[in-house]
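Participant: Here it is, the structure in full.
2 protein chains.
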Amino acid sequence: MGWSLDKRCLAVSGGIGGAKLALGLTQVLRPDQLAIVANSGDDFEHLGLHISPDLDTVMYTLADLSDKEQGWGLAGESWNFLDALDSLGGETWFKLGDRDMATHVTRTRLLAEGRTLSDVTAYLCERLGVHHALFPMTDDPVATMVRLRSGELLSFQHYFVRDRCEPVVAGFHFDGIETAKPSPPLLNSLRDPQLAAIVICPSNPFVSIDPVLAVPSVRQELSDSRAPVVAVSPIVGGEAIKGPTAKMMDELGMPRTALAVAEHYKDLLDGYILDTKDRQLVQQVEALGIATTVTETVMLTLADRRQLAEDTLNFVDQLQSRP
Amino acid sequence: MGWSLDKRCLAVSGGIGGAKLALGLTQVLRPDQLAIVANSGDDFEHLGLHISPDLDTVMYTLADLSDKEQGWGLAGESWNFLDALDSLGGETWFKLGDRDMATHVTRTRLLAEGRTLSDVTAYLCERLGVHHALFPMTDDPVATMVRLRSGELLSFQHYFVRDRCEPVVAGFHFDGIETAKPSPPLLNSLRDPQLAAIVICPSNPFVSIDPVLAVPSVRQELSDSRAPVVAVSPIVGGEAIKGPTAKMMDELGMPRTALAVAEHYKDLLDGYILDTKDRQLVQQVEALGIATTVTETVMLTLADRRQLAEDTLNFVDQLQSRP
Chain A
450 MGWSLDKRCL
460 AVSGGIGGAK
470 LALGLTQVLR
480 PDQLAIVANS
490 GDDFEHLGLH
500 ISPDLDTVMY
510 TLADLSDKEQ
520 GWGLAGESWN
530 FLDALDSLGG
540 ETWFKLGDRD
550 MATHVTRTRL
560 LAEGRTLSDV
570 TAYLCERLGV
580 HHALFPMTDD
590 PVATMVRLRS
600 GELLSFQHYF
610 VRDRCEPVVA
620 GFHFDGIETA
630 KPSPPLLNSL
640 RDPQLAAIVI
650 CPSNPFVSID
660 PVLAVPSVRQ
670 ELSDSRAPVV
680 AVSPIVGGEA
690 IKGPTAKMMD
700 ELGMPRTALA
710 VAEHYKDLLD
720 GYILDTKDRQ
730 LVQQVEALGI
740 ATTVTETVML
750 TLADRRQLAE
760 DTLNFVDQLQ
770 SRP
Chain B
450 MGWSLDKRCL
460 AVSGGIGGAK
470 LALGLTQVLR
480 PDQLAIVANS
490 GDDFEHLGLH
500 ISPDLDTVMY
510 TLADLSDKEQ
520 GWGLAGESWN
530 FLDALDSLGG
540 ETWFKLGDRD
550 MATHVTRTRL
560 LAEGRTLSDV
570 TAYLCERLGV
580 HHALFPMTDD
590 PVATMVRLRS
600 GELLSFQHYF
610 VRDRCEPVVA
620 GFHFDGIETA
630 KPSPPLLNSL
640 RDPQLAAIVI
650 CPSNPFVSID
660 PVLAVPSVRQ
670 ELSDSRAPVV
680 AVSPIVGGEA
690 IKGPTAKMMD
700 ELGMPRTALA
710 VAEHYKDLLD
720 GYILDTKDRQ
730 LVQQVEALGI
740 ATTVTETVML
750 TLADRRQLAE
760 DTLNFVDQLQ
770 SRP
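Chains A and B are the protein sequences, given in the same order. Residues in the first sequence are numbered consecutively from 450, following our numbering. Residues in the second sequence are numbered consecutively from 450, following our numbering.
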């Protein structure tokens, strides 16, 4: 790693895919060198609880508490609450584990006391031993709505979890985004003079990254930052590693390629990281005015996560040393 | 059992002790013959949840789901939520089991939707297979406050659970009682022309029964009812079977006797059921103008509960056949 101790990185993450690279970055950057902003557009109120799925996935992943098989939730979780809720006729489509419930109850209670989501996230991270900064894109309520081809608007978790991404999508809308303000730690990070890399993790561009970019001023701040913005392609060989990204691209009439994702981010990107399977796309991406590098982006092991983090930061260094 | 099918009984219950006799009564009376009103003065908001300890104890007991050893909570409960809450620095003095959480979450959600506590209790009972009517004394918020000898006012659960009844009490106050209305099913039951017995269960007189009696008009309705009012002494041989009744009597300067409890209820009672250990008090209780019967009141087995229920109803019959 050529990264000097005075350089800092901001990672933009959704849930499972983003959390993998975020974890890799924590392996090579010290807590004062890395900040992670997570999508809070998929936050929702359920059973009276404020649930922040992406923040929790990143938090549990960084705390080494996550269920590594499914990617979300806690390892060794029990489901007695949900089982009893079922007996009481409650809604059980969103899987709330017994230990996970403590996170939601605590978050809901602290928010009700008037604390911000950024504060609450910092508190939870501290209690769980997460040392790198993690915060939401905004402390204001934003709700990702999925516009279906049928014309119906579906709240994100209903689309994503309850309906298992089965409906055909036509677009997305972020309720409340117009009046949302970037969270204070996000603004601090973006304006940090030592910020030297902005990494868009391989998360879903439409429902994980776009909500972050859609918070007023955030896209502009990213563009204006002296730090290069690089993205890791969430599409490898025409497939998403996890989740509905590829299916959404089909339904939105986009080619199911890493190139199409680069085009989606367009002018925002200084660099783009393609998987070795997508080597043939280098020229087309570079034709967009975006620098590229090619490496293994599929992260199966912790070593893979760390390696991709190193490759990403080295790529940023190359971009910075160019004239 | 001499009880004809057109006679009905209203049982007034607190938590553990009352639930035992209530369960006994369900063994001898059909669902349309028995209604149980429980104290809701020990309800409280905790971690953003509306918790109704006495209603839950009776409900779980009647559903045959209760932990028979401790008397409260669910049998075979797991504690993973509470354990995780502890890791997050949350308040864990009130023991919330994983399955029990489903009750509190459901109740809180339904109350937030605008349903009454009576409605919610009926809903939960139906889901858990409780066929006899169970309802709170009021749908309005009432909070039992414990006045300590030190002058401090302590909310009931803080006194009872968190501080394990250790502080010395000087009295009790039921916050909100002045404007509380009896719950509709309680009023219905009290005004039912077929009501033939009102049974005050062996619960704590000060913090379980008195809150019910203190709801405006309830004590008067009980007095005015043609149905005899009988109480089962919660004190046996100078001791409470469970809970702080005897300790409270000491601290309030009352003799620690079944007689003192009868005097506490005074003009309300038509009959009083003494344990065989307290046979020597018969004359003194009768001198108060209260009829007595003596039987085994300590309920260890289900058969004991049923037997005491039968003895109680037979005693009521004797009272009614008197001139």
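In this text, a Cβ means the ideal position worked out from N, Cα and C, and glycines have one as well. All values reported here derive from a predicted model rather than from experimental measurement.
How would you write the range of the alpha helix (DSSP H) that B/Y714 sits in, first residue to last?
Facilitator: In the second sequence, counting from the first residue as 1, residue 714 of chain B sits at position 265. Per DSSP, B/Y714 belongs to the alpha helix (DSSP H) from 707-714.
Participant: Would you say A/S632 and A/T587 are within 9 Å of each other, going by their C-beta atoms?
Facilitator: By one-based count along the first sequence, residue 632 of chain A stands at place 183. By one-based count along the first sequence, residue 587 of chain A stands at place 138. Yes, these two residues count as a Cβ contact at 9 Å.
Participant: Quick check: B/I658 and B/Y714, are their CB atoms within less than 9 Å of each other?
Facilitator: Translated into positions along the second sequence, residue 658 of chain B becomes position 209. Translated into positions along the second sequence, residue 714 of chain B becomes position 265. Against a cut-off of 9 Å, the Cβ pair of B/Y714 and B/I658 comes out as a contact.
Participant: Cβ of A/D547 within 9 Å of Cβ of A/F530?
Facilitator: Within the first sequence, residue 547 of chain A is the residue found at index 98, counting from 1. Within the first sequence, residue 530 of chain A is the residue found at index 81, counting from 1. The answer is yes: Cβ separation under 9 Å.
Participant: Within the same chain, show all residues whose beta-carbon is closer than 6 Å to that of A/T694, passing over the 5 residues directly before and after it, in chain order.
Facilitator: Numbered from its first residue, the first sequence carries residue 694 of chain A at position 245. Result list for A/T694: N653, P683, in chain order.
Participant: Under the assumption that B/V391 contacts B/G625 (Cβ atoms under 8 Å), give the Cβ distance between them as a whole number of angstroms.
Facilitator: Not covered by the structure: residue 391 of chain B. The range shown for chain B is 450 to 772.
Participant: Please look up how many angstroms separate the CB atoms of B/T510 and B/P651, rounded, as I've assumed it's under 8 Å.
Facilitator: As a working note, residue 510 of chain B is residue 61 in the second sequence. As a working note, residue 651 of chain B is residue 202 in the second sequence. So it is not a contact: roughly 14 Å between Cβ atoms.
Participant: Does A/S567 get closer than 9 Å to chain B when you measure Cβ to Cβ?
Facilitator: Reading the first sequence from its first residue, position 118 is the one you call residue 567 of chain A. A/S567 does not count as touching chain B.
Participant: Report buried or exposed for A/D673, applying the criterion of at least 16 other Cβ atoms within 10 angstroms of its Cβ.
Facilitator: Within the first sequence, the letter at position 224 stands for residue 673 of chain A. When all chains shown are included, A/D673 counts as exposed.
Participant: Starting from the N-terminal side, write out each stretch of the alpha helix (DSSP H) that is 4 residues or longer and does not extend beyond the region 644-703 of chain A.
Facilitator: Listed in chain order, they are 659-663, 667-673, 694-700.
Participant: Tell me the DSSP secondary structure of B/V731 in three-state form.
Facilitator: One-based indexing of the second sequence puts residue 731 of chain B at position 282. Of the three classes helix, strand and coil, the one that applies to B/V731 here is helix, per DSSP.
Participant: Can you pull out the residues from the region 490-523 of chain B whose beta carbon lies closer than 7 Å to at least one beta carbon of chain A?
Facilitator: If the cut-off is 7 Å between Cβ atoms, the region 490-523 of chain B has L496, G497 near chain A.
Participant: Could you check whether the Cβ of B/V554 sits closer than 9 Å to any Cβ belonging to chain A?
Facilitator: As a position in the second sequence, residue 554 of chain B is number 105, starting the count at 1. Taking Cβ atoms only, chain A reaches closer than 9 Å to B/V554, which makes this a yes.
Participant: Give the list of continuous beta strand (DSSP E) stretches no shorter than 3 residues that lie fully inside the region 495-546 of chain A.
Facilitator: DSSP runs (the beta strand (DSSP E)) wholly in the region 495-546 of chain A: 498-500.
Participant: Would you kindly work out how many angstroms separate the C-alpha atoms of B/L737 and B/I722, rounded to a whole number?
Facilitator: Here the question's residue 737 of chain B lines up with position 288 in the second sequence. Here the question's residue 722 of chain B lines up with position 273 in the second sequence. Rounded to the nearest angstrom, the two C-alpha atoms are 14 Å apart.
Participant: Is the region 495-504 of chain A close to the region 553-564 of chain A, with three or more CB pairs under 8 Å?
Facilitator: The answer is yes - the region 553-564 of chain A touches the region 495-504 of chain A, with three or more Cβ pairs under 8 Å.
Participant: DSSP three-state call for B/C458: helix, strand or coil?
Facilitator: For the purposes of this step, residue 458 of chain B is identified with residue 9 of the second sequence, where counting begins at 1. In this structure, B/C458 counts as strand in the three-state DSSP scheme.
Participant: Listed from N- to C-terminal order along the chain, which residues in the region 576-604 of chain A have their beta-carbon within a distance smaller than 8 Å of any beta-carbon of chain B?
Facilitator: Within the region 576-604 of chain A, the qualifying residues are R576, L577.
Participant: Among A/P585, A/E494, A/F493, A/R479, which residue has its Cα nearest to the Cα of A/G463?
Facilitator: For the purposes of this step, residue 463 of chain A is taken as residue 14 along the first sequence, with counting starting at 1. Residue A/P585 is the option with its Cα nearest to A/G463.
Participant: With a cut-off of 8 Å on the beta carbons, I'd call A/D589 and A/T628 a contact; round off their distance for me.
Facilitator: As a working note, residue 589 of chain A is residue 140 in the first sequence. As a working note, residue 628 of chain A is residue 179 in the first sequence. Contact flag correct, Cβ pair sits at about 7 Å.
Participant: Check whether chain A comes within 9 Å of B/R548, counting only Cβ atoms and requiring the distance to be less than that.
Facilitator: Taking the first residue of the second sequence as 1, we reach residue 548 of chain B at position 99. Yes, contact with chain A.
Participant: DSSP state of B/H607, grouped into three classes?
Facilitator: Here residue 607 of chain B refers to the residue found at position 158 when the second sequence is read from its first residue. Correct three-state label for B/H607: helix.
Participant: Which of the three DSSP states is assigned to A/D719 in this structure?
Facilitator: What you label residue 719 of chain A is simply residue 270 of the first sequence in a count that begins at 1. Of the three classes helix, strand and coil, the one that applies to A/D719 here is coil, per DSSP.
Participant: With a Cβ-Cβ cutoff of 9 Å, do B/H495 and B/L560 count as a contact?
Facilitator: Position 46 of the second sequence, counted from the first residue, corresponds to residue 495 of chain B. Position 111 of the second sequence, counted from the first residue, corresponds to residue 560 of chain B. No.
Participant: Would you say B/T741 and B/Q756 are within 9 Å of each other, going by their C-beta atoms?
Facilitator: The residue labelled residue 741 of chain B in the question sits at position 292 within the second sequence. The residue labelled residue 756 of chain B in the question sits at position 307 within the second sequence. No.
Participant: Label A/A419 either buried or exposed according to how many other C-beta atoms from any shown protein chain fall within 10 Å of its C-beta, with 16 as the threshold for buried.
Facilitator: Coverage of chain A is limited to positions 450 through 772, which leaves residue 419 of chain A absent and any answer about it impossible.
Participant: Which residue comes first and which comes last in the alpha helix (DSSP H) that contains A/D612?
Facilitator: Sequence index remark: in the first sequence, residue 612 of chain A carries index 163 (1-based). Looking at the DSSP string, A/D612 is not in any alpha helix (DSSP H), and its letter there is neither H nor E.
Participant: Please confirm if the region 694-703 of chain B is in contact with the region 661-679 of chain B, defined as three or more CB-CB distances below 8 Å between the two stretches.
Facilitator: The region 694-703 of chain B vs the region 661-679 of chain B: no contact.
Participant: Answer with buried or exposed for B/P704, where buried requires no fewer than 16 other C-beta atoms within 10 angstroms of its C-beta.
Facilitator: One-based indexing of the second sequence puts residue 704 of chain B at position 255. By the neighbour-count rule (16 or more Cβ atoms within 10 Å), B/P704 is not buried but exposed.
Participant: If we define contact as Cβ-Cβ less than 9 Å, is A/G539 a contact residue for chain B?
Facilitator: Stepping through the first sequence from its first residue, residue 539 of chain A is reached at position 90. So yes, A/G539 belongs to the interface.
Participant: Figure out for me which residue from A/V461, A/L573, A/L583, A/E615 has the closest Cα to the Cα of A/R668.
Facilitator: Within the first sequence, numbered from 1, the residue matching residue 668 of chain A stands at position 219. For the residues A/V461, A/L573, A/L583, A/E615, the minimum Cα distance to A/R668 belongs to A/V461.
Participant: Helix, strand or coil, according to DSSP, for A/D766 in the structure here?
Facilitator: Start at 1 with the first residue of the first sequence, and residue 766 of chain A comes out as number 317. Reduced to three states, the DSSP call for A/D766 is helix.
Participant: Since A/A629 is in the alpha helix (DSSP H), which residue starts that stretch and which ends it?
Facilitator: The residue given as residue 629 of chain A occupies position 180 in the first sequence. Element bounds for A/A629: n/a, residue is neither H nor E.
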